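Engineer: My structure is below; once you've seen it, I'll send some questions.
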Amino acid sequence: MYKEQTISTGNVDLYVRQYGEEGQTPLLLIHGACTDCDFYADAAEKLSHLLAGKYTIYAYDRRGCARSSDPKDGEYDLAAQAKDALAILKEIGHIGEATVLGHSAGASVTMQLLKDAPEAVKKAYLFEPVLFQYLPEDDTTKEQFYDIRKLAFSKSGRPTYLRALSKFVPLIGGPDPRGRQSTEEELQNLPRDSEAYFVHEFDRIMEAKPDFDALRAAKDHITLLVGEKSVGTWRGTVVENFSKDLDLPVYYFPGAHNAIFDLPDEASWILTGLLTR
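Position 237, counted from 1, in the sequence shown is what the working numbering calls 247; the numbers after and before it change by one each time, with no gaps.
So this is what it looks like as structure tokens:
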């Protein structure tokens, strides 16, 4: 079970879920592209029991996704999204004690938060961050993403997000056959979640250049996470090279890119071990 609330910044209304007893150390979960906080629903519920008395789990819909509003200023850059995460941390308290887990594009938001408000985060977990800088020069993955984005719009300009998603999902790793199916509500939110990515934040995520000096300064607080099935793919290559560059620890999860959604029980046990060591 979870409690729902809306945290308003004056520019955007953010839908937030709280799992577990209030007042413990916050664990803030930031989702990636073409999804929303339902990505973490099963894992967050499991974590709230495994970490009872230690952590309160929070997950939210990023701006423009699912139940959160579109920003009044129309801005979707990473700095604005990091401000959203910071606003949530300030609202729930324990600023400076928080642990943040960002998945994929959510890891991009987390890295921006580490740059803009390093004092707010005690630990950061980055699950397969989007960092094309760590791919070989002849790698074509980034170009494939741009080709997929073109599929999100017909020649008349009308959105065709599902067509783009049919190519997007395999490129990021695809669903695990052992994983659960999306619920009806999750599927209903998919067009809005996809619009937020393909229309508003695509370029900002794809062209993001993290502040590596800030990341190096915070490296003792950063842990990289990767799906076992991502090893040997472009996603695994990014994590491997990022880890070598900043001398960061890496932990492996059963499954692929969406391991936390696909295999929430296994992912929750691993996260519990990391968070309580």
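Virtual Cβ for every residue (Gly too), placed ideally from N, Cα, C.
Computed from a predicted structure; not experimentally measured.
If you draw a straight line from the alpha carbon of Lys219 to that of Arg226, how long is it in whole angstroms?
Structural biologist: In the sequence shown, counting from the first residue as 1, residue 219 sits at position 209. In the sequence shown, counting from the first residue as 1, residue 226 sits at position 216. Answer to the nearest angstrom: the Cα atoms are 14 Å apart.
Engineer: With 16 as the cutoff for other CB atoms within 10 Å, does Lys93 come out buried or exposed?
Structural biologist: Taking the sequence shown and counting its residues from 1, the one referred to as residue 93 is at position 83. Per the 10 Å Cβ criterion, buried.
Engineer: Kindly list the residues whose CB is nearer than 6 Å to the CB of Ala206, restricted to its own chain and excluding five residues on each side of it in sequence; keep chain order.
Structural biologist: One-based indexing of the sequence shown puts residue 206 at position 196. Once the five neighbours on either side are set aside, the close Cβ partners of Ala206 are Gly74, Cys75.
Engineer: Any contact between the region 75 to 89 and the region 168 to 180? By contact I mean 3 or more CB pairs, one from each, below 8 Å.
Structural biologist: No, because fewer than three Cβ pairs between the region 75 to 89 and the region 168 to 180 fall closer than 8 Å, the two stretches do not touch.
Engineer: Ala162 and Phe222 - do their beta-carbons sit closer together than 8 Å?
Structural biologist: Here the question's residue 222 lines up with position 212 in the sequence shown. Here the question's residue 162 lines up with position 152 in the sequence shown. No. Outside cutoff.
Engineer: Among the candidates Val119, Ala89, Lys133, Ser118, whose CA atom is the shortest distance from the CA of Ile105?
Structural biologist: In the sequence shown, the residue the question calls residue 105 occupies position 95. The candidate whose alpha carbon is nearest that of Ile105 is Lys133.
Engineer: Less than 8 Å between the beta carbons of Ala69 and Leu96, yes or no?
Structural biologist: Translated into positions along the sequence shown, residue 69 becomes position 59. Translated into positions along the sequence shown, residue 96 becomes position 86. Not a contact, by the Cβ cut-off of 8 Å.
Engineer: Whose CA, out of Asp87, Ile270, Glu211, lies closest to the CA of Asp52?
Structural biologist: Translated into positions along the sequence shown, residue 52 becomes position 42. The shortest Cα separation from Asp52 among Asp87, Ile270, Glu211 belongs to Ile270.
Engineer: Any idea what DSSP makes of Gln91, helix, strand or coil?
Structural biologist: Walking along the sequence shown from the start, residue 91 turns up at place 81. In this structure, Gln91 counts as helix in the three-state DSSP scheme.
Engineer: Considering only the alpha carbon of each residue, which of Val248, Ala228, Leu256, Asn199 lies closest to Val236?
Structural biologist: Here the question's residue 236 lines up with position 226 in the sequence shown. Looking at the Cα atoms, Val248 is the closest of the given residues.
Engineer: Quick check: the Cα distance between Leu57 and Ile102, rounded to an integer number of angstroms?
Structural biologist: On the sequence shown, residue 57 is found 47 positions in, with the first residue counted as 1. On the sequence shown, residue 102 is found 92 positions in, with the first residue counted as 1. Spanning the two alpha carbons is a distance of roughly 18 Å.
Engineer: Give the secondary structure of Ala43 by DSSP, where H, G and I count as helix, E and B as strand, and everything else as coil.
Structural biologist: Along the sequence shown, one-based indexing puts residue 43 at 33. Note: Ala43 maps to coil in three-state DSSP.
Engineer: May I ask which residues mark the beginning and end of the alpha helix (DSSP H) holding Ala115?
Structural biologist: Residue numbering aside, residue 115 sits at position 105 when the sequence shown is read from its first letter. That run of the alpha helix (DSSP H) goes 115 to 126.
Engineer: For Glu107, collect the residues of the same chain with a Cβ closer than 6 Å to its Cβ; drop the 5 residues on either side in sequence, then sort them by chain order.
Structural biologist: The sequence position of residue 107 within the sequence shown is 97, counting from 1. Closer than 6 Å at the Cβ level, and outside the excluded window around Glu107, lie Thr35, Lys132.
Engineer: To which residues of the same chain is Thr150 closer than 6 Å at the C-beta, ignoring the five residues directly before and after it?
Structural biologist: For the purposes of this step, residue 150 is taken as the residue at position 140 of the sequence shown. Nothing meets the Cβ criterion.
Engineer: Is it true that the CB of Ser164 sits closer than 8 Å to the CB of Cys44?
Structural biologist: Your numbering for residue 44 matches position 34 in the sequence shown. Your numbering for residue 164 matches position 154 in the sequence shown. The answer is no: Cβ separation not under 8 Å.
Engineer: For Lys294, count neighbouring C-beta atoms within 10 Å of its own C-beta (all shown protein chains included) and say buried if the count is 16 or more, exposed if not.
Structural biologist: Beyond the ends of the chain as shown, which are 11 and 287, falls residue 294; an answer cannot be given.
Engineer: Report the partner residues of Ile232 according to the DSSP bridge assignment.
Structural biologist: On the sequence shown, residue 232 is found 222 positions in, with the first residue counted as 1. In DSSP, Ile232 forms a bridge with Ala134.
Engineer: Looking at the secondary structure, which residues open and close the alpha helix (DSSP H) in which Glu55 lies?
Structural biologist: Along the sequence shown, one-based indexing puts residue 55 at 45. Taken as a continuous stretch (DSSP letters only), the alpha helix (DSSP H) holding Glu55 covers 51 to 60.
Engineer: Rounded to the nearest angstrom, how far is the Cβ of Thr66 from that of Glu31, given a contact under 8 Å?
Structural biologist: Translated into positions along the sequence shown, residue 66 becomes position 56. Translated into positions along the sequence shown, residue 31 becomes position 21. Their Cβ separation, rounded to whole angstroms, is 6 Å, which keeps Thr66 and Glu31 in contact under 8 Å.
Engineer: Suppose you measure from the CA of Pro169 to the CA of Lys160; what does that come to, to the nearest Å?
Structural biologist: Reading the sequence shown from its first residue, position 159 is the one you call residue 169. Reading the sequence shown from its first residue, position 150 is the one you call residue 160. Cα to Cα, the separation comes out at about 10 Å.
Engineer: Taking the alpha carbon of Leu88 as the point to measure from, which residue in Glu196, Met216, Gly63, Ser78 has its own alpha carbon closest?
Structural biologist: By 1-based counting over the sequence shown, the position of residue 88 is 78. Ranking the options by Cα distance to Leu88, first place goes to Met216.
Engineer: Which residues in the same chain have their Cβ closer than 6 Å to the Cβ of Val110, if we skip the five residues on either side of it in sequence?
Structural biologist: Position 100 of the sequence shown, counted from the start, is the residue given in the question as residue 110. So the list reads Leu38, Thr120, Val131, Ala134, once near-sequence residues are dropped.
Engineer: What's the gap between the Cα of Thr286 and the Cα of Pro274?
Structural biologist: Walking along the sequence shown from the start, residue 286 turns up at place 276. Walking along the sequence shown from the start, residue 274 turns up at place 264. Straight-line Cα distance between these residues: approximately 18 Å.
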